[in-house]
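Below you'll find the structure, written out as structure tokens, and then a few comments.
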Amino acid sequence: MNIARSALSAALMATSARAFTSSSPAASSLLRSSSAATSNLLSCRTTSFSTTTSLHANVLKLTEPSKDLLPDVDVFIFDCDGVIWRGDSVIDGIPETLDKLRSLGKKMYFVTNNSTKSRKGYKAKFDSLGLDVPAEEIFSSSFAAAAYLEQTKFKESGKKVYVVGEVGIQEELDLIGVPHFGGPQDAGKQPDMGPGCALDHDEDVGAVIVGFDRNINYYKIQYAQLCINENEGCEFIATNTDAVTHLTDAQEWAGNGSMVGAIKGCTGQEPTVVGKPSPLMIDYLCNKLGLDRSRICMVGDRLDTDVLFGTDNGLKSLLVLSGVTTEEKLLSQENTITPDYYADSIVDFFIDENAKVEASA
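Take the sequence shown: its letters are residues 297 to 657, numbered as in the numbering used here.
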């Protein structure tokens, strides 16, 4: 998988500066261990963590965050789906938890792989859910895709972008003045596949961006593969490769990995991935705001994107079980991606404080 890295950092700074103001502070460190090292650690800190040895876990469950997490973290980076909300429903206790973190002086950023909305669209969603989150704290993979094109000076090529995705990508491309087509406008199209028929495509398409698309169809897949396979130098860009997503709070739904997989299958090409676990967002935050990676904690519900984003980029990482990953999967022998901590949800950041309140009631 071809993942865009520092080439995106400067673009992210330039693009974000036009749309938002910025905050400050710091963060990050790795606590990785083998099972033997974990045993030694547990022998020294048995009062702080509990672990499930029956499932051969190397992961420590957070039990005393006031001692073991909060003092060591200045900045929290939160995924959104499965951490802050599920579908269009806020997870219980999230508003109060975010307020408590702010009262402790913690900085927070919300980084989502979901490209269906632009940053402006996500601000509207936070507002609709009653969450007071400043616009400058929000980053989406649709923004990252546009920033990548800006850094690579795509606009100067005079080429166009074909979009397999939704309005979030289009809105971000509009902000940088890059011409595009496709997306929702191609939702109902069907190619003529009668004898001798061929689908014409625009030879001026220089990039195909594939994001989550609830109206994916054969026309879009065929058009994308024609551009990538037949237009010289046409780049294949994926906002993310998440296997599943939360469209509703009732079940998991096929994610953008299924759309990207369809294009990979018919082109034989690997995409440039701009969303997590690509390092571009953390490179931007650290370079723009001067953050200390040793004091940043990435919090998410996915092992292969959120936790990997943390471990690959020198951050602390915490997996929550409020989204797609189960405790059984996390602690299984087959899992090779290990966060520093895990918890049922971010409400557990104040689990010891809540326990004291309940005891005194």
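For glycine and all other residues, C-beta sits at the position ideal for the given N, C-alpha and C.
No experiment lies behind these values; they were computed from the predicted model shown.
Assignment of beta strand (DSSP E) within the stretch 472-551, counting only whole runs of 3 or more residues, yields 476-478, 501-506, 531-534 in chain order. By the CB criterion at 8 Å, P635 and L614 fall inside the cutoff. Here C593 is bridged, per DSSP, to F372, K612.
Per DSSP, the beta bridge partners of I434 are F406.
The beta carbon of F450 is closer than 7 Å to those of V474, G502, A503 in its chain, skipping five residues each way along the sequence.
Inclusion of I505 and A441 in the CB contact set at 8 Å is warranted, their separation being smaller than that value.
When rounded, the separation of the alpha-carbon atoms in R591 and I373 is 11 Å.
For L356, the uninterrupted beta strand (DSSP E) segment begins and ends at 356-358. Leaving aside the five residues that flank W549 on each side, the residues in its chain whose CB is nearer than 6 Å to its CB run, in chain order, T541, L543. By the Cβ criterion, the stretch 409-417 is not in contact with the stretch 624-633, since fewer than three pairs of Cβ atoms, one from each stretch, lie closer than 8 Å. Under DSSP, no beta-bridge partner is assigned to V643. The three-state secondary structure of V603, taken from DSSP, is helix. Taking 4 residues as the minimum length, the alpha helix (DSSP H) runs contained wholly in the stretch 416-467 are 437-447, in order along the chain. Contact annotation, R598 with D538: C-beta distance approximately 7 Å; criterion of less than 8 Å satisfied. By the neighbour-count criterion, in which 16 or more other beta carbons inside 10 Å mark a residue as buried, L587 falls on the buried side. Per DSSP, N631 lies in no alpha helix (DSSP H) and is assigned neither H nor E. Put simply, of E526, S399, Y418, P367 the residue whose alpha carbon is nearest the alpha carbon of D377 is Y418.
Per DSSP, E392 is one residue of the alpha helix (DSSP H) stretching across 390-399. By the Cβ neighbour-count rule, S436 is buried, with 16 or more other Cβ atoms within 10 Å of its own. In the three-state reduction of the DSSP assignment, V379 falls in the coil class. For F477, the closest C-alpha among the options P487, I465, S385 is that of I465.
Relative to Q547, the option among V620, Y519, T359 whose CA is nearest is V620.
With a contact defined as Cβ atoms closer than 8 Å, L495 and Y458 miss out at about 12 Å. Between V616 and A639, the C-beta spacing is below 8 Å. Rounded to the nearest whole angstrom, the CA to CA distance from P567 to I533 is 5 Å. Counting C-beta atoms within 10 angstroms of its own C-beta, S385 has fewer than 16 neighbours from the protein chains shown and is therefore classed as exposed.
When the alpha-carbon of E623 is set against those of M489, S641, L394, the nearest one is in S641.
A straight-line Cα-Cα distance of about 20 Å links L365 and P391. Per the DSSP secondary-structure output, V386 pairs in a beta bridge with W381. Between D509 and G461, the C-beta gap is smaller than 8 Å, which places the two residues in contact.
Secondary structure at V620: coil, using DSSP grouped into helix, strand and coil. Here DSSP, grouped into helix, strand and coil, assigns T568 to strand.
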